[in-house]
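Numbering (our numbering), first residue to last: 599 to 719. Here a beta-carbon is modelled for each residue, glycine too, at the ideal position from N, C-alpha and C. None of these values were measured; they are calculated from a predicted model. See below for the structure under consideration.
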Amino acid sequence: MVPLDNLFTRLARSPFRSRFKLGVKERQYCYDKGPDVIDSHAADFVASRLAPAQPKNDGKQTPMRGHPVFIAQHATATCCRGCLEKWHNIPTGTPLDDAQQHYIVGVIHHWLVIQMNKPQS
599 MVPLDNLFTR LARSPFRSRF KLGVKERQYC YDKGPDVIDS HAADFVASRL APAQPKNDGK
659 QTPMRGHPVF IAQHATATCC RGCLEKWHNI PTGTPLDDAQ QHYIVGVIHH WLVIQMNKPQ
719 S
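Structure, rendered in structure tokens:
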């Protein structure tokens with residue numbers, strides 16, 4: 599796992615990762631649901647789609663749109679086990695433990711807070 603300051607500095611330099619932003623609908627969804635519900639969704643997605651040692655459809659299990667957490671996962675490289683290994687030093691091939699899952703949800707939450715505090719464009 600990587601310190602958030604270092605991670606977000608690296609993500610900002612990635613043309614692919616830095617292109618992800620919350621749209622009007624996703625921002626409103628975050629406002630309507632609130633951070634606790636969004637974090638709960640993130641935890642559920644991480645547990646069901648990333649936590650297994652060999653996730654089903656790994657690399658394709660996270661859509662790029664449709665939910666703020668999905669967008670955040672691509673923006674933060676928490677979308678598949680390969681990205682988790684490359685960007686977060688979380689090895690592939692073993693189930694994610696509770697601390698790793700909590701870290702991933704924290705990374706997603708951090709990105710969403712940054713997005714929600716930016717002016718809408």
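G680 carries a helical assignment under DSSP once its states are collapsed to helix, strand and coil. For V667 and A640, the gap between their C-alpha atoms comes out near 6 Å. Shown here for M714: same chain residues with a beta carbon closer than 7 Å to its own, the five before and five after excluded, namely R625 and C628 in chain order. Contact check for L609 against A697 fails: the beta carbons are separated by 8 Å or more.
With distances taken between CA atoms, Y701 lies nearest to V644 out of V644, K684 and G691. Relative to the Cα of S616, the nearest Cα in the group V635, A651, I669 and P633 belongs to I669. In this structure, M599 sits near H686, with a CB-CB distance shorter than 8 Å.
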